[in-house]
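Okay, so the sequence shown: first residue is 266 according to the working numbering, each after it adds one. Glycine included, C-beta positions come from ideal geometry on N, C-alpha and C. Presented below is the structure to which this report refers.
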Amino acid sequence: MVQCEMCGAETSSPKTIKVEGAKLDVCSDCTDFGTEVKQPSSSSSSTKYSTGSSSSSSSGSGQSSGSTSSSSSGGSSQRRSDMFDDMDELATDYDDRVRNARESKGLSQSELANELNEKASLIRKIERGDTLPSDRVQSELESFLEINLNAEGASGEDSEWSGGSSTGSYTLGDVVKRKD
């Protein structure tokens, strides 16, 4: 027995209707609230799915389980790369690095802004840590001030961390740093 998605009544033969763009499986009493959807494509797709599963289960069940096993083991052994793997991380002390480099060159914030063709307010915000520099501004700052704003120890931080159990599973206690 299936529950009607409109009234909640139990029904043995639900009908699919469309109500304001949503398809609902409803009992025969609730079919008047929407337009009944004819399902020739859904029955053919269910035939397609049942045919595919019956053919794979009858003819190649070992084959299909072998392919899922190999794909799942491949997926678990190596992580899929994404666009963030290629990106450099900005150092957490980028604001101090910019300020120290600017002061060591003997420039004011407005002079540095003029050299980079940026607003002085942007330099102030970057040095206070209120805003992150865009990629373009970051590269201009790095080349003009001859500094590196990328986090150099990001992978090193992960390798020096020794929390966790021998099974490789971690708990919240392994990650949290207390402020005592």
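Measuring only the C-alpha atoms, how far is R362 from I412?
The residue given as residue 362 occupies position 97 in the sequence shown. The residue given as residue 412 occupies position 147 in the sequence shown. About 8 Å.
On the three-state DSSP scale, how would you describe A287?
The residue you call residue 287 lines up with position 22 of the sequence shown. Reduced to three states, the DSSP call for A287 is strand.
By the three-class DSSP mapping on this structure, what secondary structure does V302 have?
For the purposes of this step, residue 302 is identified with residue 37 of the sequence shown, where counting begins at 1. Coil at V302, not helix or strand.
Can you check DSSP and say which residues form a bridge with V267?
Mapped onto the sequence shown, residue 267 falls at position 2. V267 pairs with T276.
Can the beta-carbon of A416 be found less than 8 Å from the beta-carbon of L355?
Numbered from its first residue, the sequence shown carries residue 416 at position 151. Numbered from its first residue, the sequence shown carries residue 355 at position 90. Their beta carbons are under 8 Å apart, which means A416 touches L355 by this criterion.
For D360, does the count of other Cβ atoms within 10 angstroms reach 16, so buried, or fall short, so exposed?
As a working note, residue 360 is residue 95 in the sequence shown. By the neighbour-count rule (16 or more Cβ atoms within 10 Å), D360 is buried.
Answer with buried or exposed for C292, where buried requires no fewer than 16 other C-beta atoms within 10 angstroms of its C-beta.
Sequence index remark: in the sequence shown, residue 292 carries index 27 (1-based). C292 is buried by the Cβ-count criterion.
Please state if the CB of R367 and the CB of L437 are separated by a distance shorter than 8 Å.
As a first step, residue 437 is located in the sequence shown; it is residue number 172 there, counting from the start. As a first step, residue 367 is located in the sequence shown; it is residue number 102 there, counting from the start. Not a contact, by the Cβ cut-off of 8 Å.
So, at 8 Å on beta carbons, what are the nonlocal neighbours of Q374 in its own chain, with the 5 sequence-adjacent residues on each side left out?
Locating residue 374 in the sequence shown gives position 109, where the first residue counts as 1. Contacts found: R367, A385, I388, R389, E392.
Quick check on the DSSP output: the alpha helix (DSSP H) that includes K390 runs from which residue to which?
For the purposes of this step, residue 390 is taken as the residue at position 125 of the sequence shown. Element bounds for K390: 385-393.
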